[in-house]
Amino acid sequence: MDKLRFVALSGTTSVTENMYLYEYRDEILVVDCGVGFPEEATFGIDLVIPDFTYLVENKEKIKGILISHGHEDHLGALPFLFNELQAPIYSTQLVAAFIEDKFLDYGKKIKVNIFNPEKEGFNIGSFRIDSFRVAHSVPDGVGFCITTPVGKIFHVPDYKFDWTPIDQKPFDITKAAVLASDGVLALASDALGSTSVGYTKSEREIEQNIDFVIEKAQKRVYFTTLSSNISRMYLAIRASELVGRKVAFVGRSTEKKAEIARKLGHLKWIPGTVITPREAQKLPSDKVTYIISGSYGQTGSALHRVAMGEHPFLQIETDDYVVFSADPAPPGTEQAVNFVVDNLMEKGAVVHYYDTQDDLHVSGHGSQKDIEMLFALIKPKYLIPVGGTIRHMRAYRELAEMMGWKKEQVFELREGESVEFAKDGDPKKGERIAVKNVLVDGLGVGDVGNVVLRDRQTLAKEGVVIVILQTDHQNGKLTAKPDIVSRGFVFAKEQQEFLDRASAELSRKISERIKVANPIGVKEVAVDFLERFFFEETGRRPMVLPVVVEV
Numbered sequence: 008m009d010k011l012r013f014v015a016l017s018g019t020t021s022v023t024e025n026m027y028l029y030e031y032r033d034e035i036l037v038v039d040c041g042v043g044f045p046e047e048a049t050f051g052i053d054l055v056i057p058d059f060t061y062l063v064e065n066k067e068k069i070k071g072i073l074i075s076h077g078h079e080d081h082l083g084a085l086p087f088l089f090n091e092l093q094a095p096i097y098s099t100q101l102v103a104a105f106i107e108d109k110f111l112d113y114g115k116k117i118k119v120n121i122f123n124p125e126k127e128g129f130n131i132g133s134f135r136i137d138s139f140r141v142a143h144s145v146p147d148g149v150g151f152c153i154t155t156p157v158g159k160i161f162h163v164p165d166y167k168f169d170w171t172p173i174d175q176k177p178f179d180i181t182k183a184a185v186l187a188s189d190g191v192l193a194l195a196s197d198a199l200g201s202t203s204v205g206y207t208k209s210e211r212e213i214e215q216n217i218d219f220v221i222e223k224a225q226k227r228v229y230f231t232t233l234s235s236n237i238s239r240m241y242l243a244i245r246a247s248e249l250v251g252r253k254v255a256f257v258g259r260s261t262e263k264k265a266e267i268a269r270k271l272g273h274l275k276w277i278p279g280t281v282i283t284p285r286e287a288q289k290l291p292s293d294k295v296t297y298i299i300s301g302s303y304g305q306t307g308s309a310l311h312r313v314a315m316g317e318h319p320f321l322q323i324e325t326d327d328y329v330v331f332s333a334d335p336a337p338p339g340t341e342q343a344v345n346f347v348v349d350n351l352m353e354k355g356a357v358v359h360y361y362d363t364q365d366d367l368h369v370s371g372h373g374s375q376k377d378i379e380m381l382f383a384l385i386k387p388k389y390l391i392p393v394g395g396t397i398r399h400m401r402a403y404r405e406l407a408e409m410m411g412w413k414k415e416q417v418f419e420l421r422e423g424e425s426v427e428f429a430k431d432g433d434p435k436k437g438e439r440i441a442v443k444n445v446l447v448d449g450l451g452v453g454d455v456g457n458v459v460l461r462d463r464q465t466l467a468k469e470g471v472v473i474v475i476l477q478t479d480h481q482n483g484k485l486t487a488k489p490d491i492v493s494r495g496f497v498f499a500k501e502q503q504e505f506l507d508r509a510s511a512e513l514s515r516k517i518s519e520r521i522k523v524a525n526p527i528g529v530k531e532v533a534v535d536f537l538e539r540f541f542f543e544e545t546g547r548r549p550m551v552l553p554v555v556v557e558v
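Numbering (the working numbering), first residue to last: 8 to 558.
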């Protein structure tokens with residue numbers, strides 16, 4: 008029996024790293040390919056990406072990759088995927104420009120296949136793809152109606168029902184309803200707002216608040232939001248124009264995305280409004296707004312460097328305004344955001360951010376009433392929550408049950424899990440694909456695993472002790488007392504007596520235990536003894552690294 012398999016490769020127990028597969032016979036259709044933020048405890052990790060192993064093993068089956076919108080958690084992992092395999096990418100015009108620009112950052116030039124959601128659909132192998140506009144915090148986002156040999160599946164990632172969006176392109180409920188009119192097998196849709204009551208507010212509802220904050224500022228304004236949040240940039244530009252401020256973009260990602268959006272007509276301003284940061288420096292402080300990257304406190308971002316006093320030409324002055332207009336810190340970013348906010352305040356800035364003011368941001372994700380409206384609009388037989396955590400999936404299921412769906416009709420999938428649909432019979436959970444988080448550290452992709460992370464955590468929390476053991480190559484006995492060096496454990500100059508005592512006792516222990524030439528044995532004794540000794544003496548467990556030198 009032919010079956011359609013929906014696989015949640017990533018993105019069903021985390022808010023980020025969205026990636027889903029539709030598999031029929033020997034064809035695979037991919038929807039989205041996003042990155043995630045590393046947790047604060049993952050020392051040195053830059054990004055988290057989905058596990059591509061299954062796709063690499065089946066790369067000849069991949070017919071295409073659909074990208075729903077322009078956020079990093081839905082497209083940011085594409086360059087890493089293309090290191091392993093290549094497949095046609097399909098998106099709307101603005102999203103295509105973002106993708107092509109991202110590939111250039113990695114030294115690659117590609118061409119994305121552009122589709123228009125207001126026109127006819129297209130085919131990818133056995134799959135018929137129709138799309139419709141959705142409202143979200145980045146323009147040109149879409150939902151998909153994927154017609155398969157088994158039935159129609161609606162895939163609607165990030166969305167909300169905003170009837171007064173900044174780009175004047177609301178959720179196209181007419182087209183969605185027409186596409187759904189002949190019956191829908193399943194709906195896979197955004198669950199992130201399922202714990203928020205009511206409807207999600209329109210972008211227009213924060214317009215006056217942004218106007219007010221920028222109007223009352225007496226000095227410079229630093230306005231930070233996601234670099235892809237073109238609508239929010241527009242509100243900051245418009246508010247600045249109303250009070251005679253010039254605007255300068257600061258930060259590579261913000262500059263590039265603003266320029267892309269301008270060229271494609273998604274971001275407009277009065278000629279002469281936007282100037283370079285260098286030109287802005289020459290103006291009075293009350294005549295400048297900087298739209299600056301770094302809303303999540305990313306290390307090395309423009310705002311982070313300003314907060315640290317390390318920016319080459321921008322310095323915070325007393326009573327400068329810093330306005331955060333972005334999602335309250337997503338998983339893995341809270342500590343970084345707090346660090347930046349504290350440093351800005353320490354330098355005298357007036358900071359408007361999520362903890363003190365919740366009226367400078369609205370979510371791009373539909374709340375409970377939005378989700379209920381989508382359920383009623385599409386009327387699917389089965390439901391699959393995506394793009395949220397376990398609690399979001401559970402709240403999504405409870406909403407569905409309140410509207411008449413049975414528990415068995417809602418599939419809460421963990422990463423790697425799947426559900427199989429057939430023309431006849433009820434769907435059922437399919438075979439699970441083994442997946443793991445793949446960590447990106449500099450140029451290394453996937454070469455940092457749990458063992459390496461535990462080592463980094465130990466080094467950060469407890470420090471490291473290196474013990475140099477000089478032994479006779481014939482009998483394995485020590486020829487000198489062990490030399491112990493520590494970093495991040497105890498301050499050697501003040502604790503030299505303590506380290507000398509550890510060395511003397513280790514020397515005695517090795518003499519008792521080592522009777523034959525056996526350098527491995529010497530290492531084991533040194534690690535075992537010193538770990539126990541240091542814990543008993545200090546209550547800490549530094550990483551002990553023995554080095555044996557035979558003479």
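Glycine included, C-beta positions come from ideal geometry on N, C-alpha and C.
The structure displayed is predicted, hence computed values, not measured ones.
Rounded to whole angstroms, how far is the Cβ of Ser144 from the Cβ of Val393, which I believe are closer than 8 Å? Wrong, their Cβ atoms sit about 17 Å apart, outside the cutoff.
Is the segment 528-538 in contact with the segment 468-477, if contact means three or more CB pairs nearer than 8 Å? With a cut-off of 8 Å, the segment 468-477 and the segment 528-538 count as touching, because enough Cβ pairs lie within range.
Residues that DSSP places opposite Val220 in a beta bridge: In the DSSP assignment, Val220 forms no beta bridge with any residue.
Have a look at the DSSP bridge pairing and note the partners of Asp490. Answer is Ile475.
What three-state label does DSSP hand His162 in the structure shown? His162 falls in the strand class under three-state DSSP.
Which partner residues of Phe640 appear in the DSSP bridge assignment? Coverage of the chain is limited to positions 8 through 558, which leaves residue 640 absent and any answer about it impossible.
If we ignore side chains and look at the alpha-carbon of each, how far apart do Val556 and Ile56 end up? Going by the C-alpha atoms only, they are around 41 Å apart.
If you draw a straight line from the alpha carbon of Ile69 to that of Ala255, how long is it in whole angstroms? Near 43 Å, if we compare the C-alpha coordinates of Ala255 and Ile69.
Do the CB positions of Val141 and Val149 come within less than 8 Å of each other? The answer is yes: Cβ separation under 8 Å.
When the Cβ atoms of the segment 302-310 are set against those of the segment 205-214, are three or more pairs found closer than 8 Å? Contact between the segment 302-310 and the segment 205-214 is absent, because fewer than three Cβ pairs lie under 8 Å.
Beta-carbon separation of Ser332 and Phe230 under 8 Å? The beta carbons of Ser332 and Phe230 sit closer together than 8 Å.
C-beta contact flag for Ser292 and Arg227 at 8 Å: Contact: yes.
Considering only the alpha carbon of each residue, which of Glu91, Ile96, Ile35, Glu24 lies closest to Glu79? If we check each option's Cα against that of Glu79, Glu24 comes out closest.
Ala441 classed as buried or exposed, judged by whether at least 16 other C-beta atoms fall within 10 angstroms: Exposed, since its Cβ has fewer than 16 Cβ neighbours within 10 Å.
Pick from Lys182, Gly411, Val426, Lys264 that is closest to Asp108, judged by C-alpha positions: Closest option to Asp108, judged by alpha-carbon separation, among Lys182, Gly411, Val426, Lys264: Lys264.
Buried or exposed: which applies to Phe542, given that a residue is buried once 16 or more other Cβ atoms fall within 10 Å of its Cβ? Exposed, by the Cβ-count rule.
With H, G and I counted as helix, E and B as strand and the rest as coil, what does DSSP make of Pro86? Helix.
Residues in the same chain with beta-carbon distance under 7 Å from Tyr241, minus the five sequence neighbours each way, listed in chain order, please. Within the same chain, and ignoring the five residues on either side of Tyr241 in sequence, the residues whose Cβ sits closer than 7 Å to its Cβ are Ile173, Leu274.
Would you mind reading off the limits of the alpha helix (DSSP H) that contains Ser238? From DSSP, the alpha helix (DSSP H) with Ser238 extends over 237-249.
Is Glu419 near Arg12, with beta carbons less than 8 Å apart? For Glu419 and Arg12, no; Cβs fall outside 8 Å.
DSSP beta-bridge partners for Met26? Partner(s): Ser17.
Out of Ala533, Ala509, Pro387, state which residue places its alpha-carbon closest to the alpha-carbon of Gly190. Residue Pro387 is the option with its Cα nearest to Gly190.
Sequence-distant residues of its chain with Cβ nearer than 7 Å to Thr486 (five each side left out): Here the set comprises Gln477, Thr478, Asp479, Val558.
Put Phe256 into one of helix, strand or coil per three-state DSSP. Strand at Phe256.
Indicate the three-state DSSP secondary structure (helix, strand or coil) for Asn120 in the structure shown. In this structure, Asn120 counts as strand in the three-state DSSP scheme.
Leaving out five residues before and five after Phe122 in sequence, what residues of the same chain have Cβ atoms less than 7 Å from its Cβ? Short of 7 Å from the beta carbon of Phe122, and not among the five residues preceding or following it, lie these beta carbons of its own chain, in chain order: Tyr97, Thr99, Phe129, Ser138.
Beta-carbon proximity check, Asp147 vs Gly77, cutoff 8 Å: It is a contact, given that the beta carbons lie within the stated cut-off.
CA nearest to the CA of Ile491, picked from Ser510, Phe346, Met26: Here the closest residue by C-alpha is Ser510.
Who are Gly150's beta bridge partners in DSSP? Bridge partners of Gly150: Phe139.
Look up Asp349 in the DSSP assignment and say whether it is helix, strand or coil. DSSP places Asp349 in helix when its eight states are reduced to three.
Entirely within the segment 386-427 and at least 4 residues each: give me those alpha helix (DSSP H) ranges in chain order. The DSSP assignment places 397-409 as complete runs of the alpha helix (DSSP H) inside the segment 386-427, in order along the chain (cut-off: 4 residues).
Can you tell me the Cα-Cα spacing of His372 and Glu324, whole angstroms? Between the alpha carbons of His372 and Glu324 lies a distance of about 36 Å.
Determine the direct distance from the alpha carbon of Met315 to that of Leu351, and round the result to whole angstroms. Their backbone Cα atoms lie some 8 Å apart in a straight line.
Check for me: the alpha helix (DSSP H) holding Lys182 runs from which residue to which? First-last of the alpha helix (DSSP H) with Lys182: 180-187.
For Tyr31, name the three-state secondary structure that DSSP assigns. Reduced to three states, the DSSP call for Tyr31 is strand.
Mapping the DSSP letters down to three states, classify Pro553 as helix, strand or coil. Pro553 carries a strand assignment under DSSP once its states are collapsed to helix, strand and coil.
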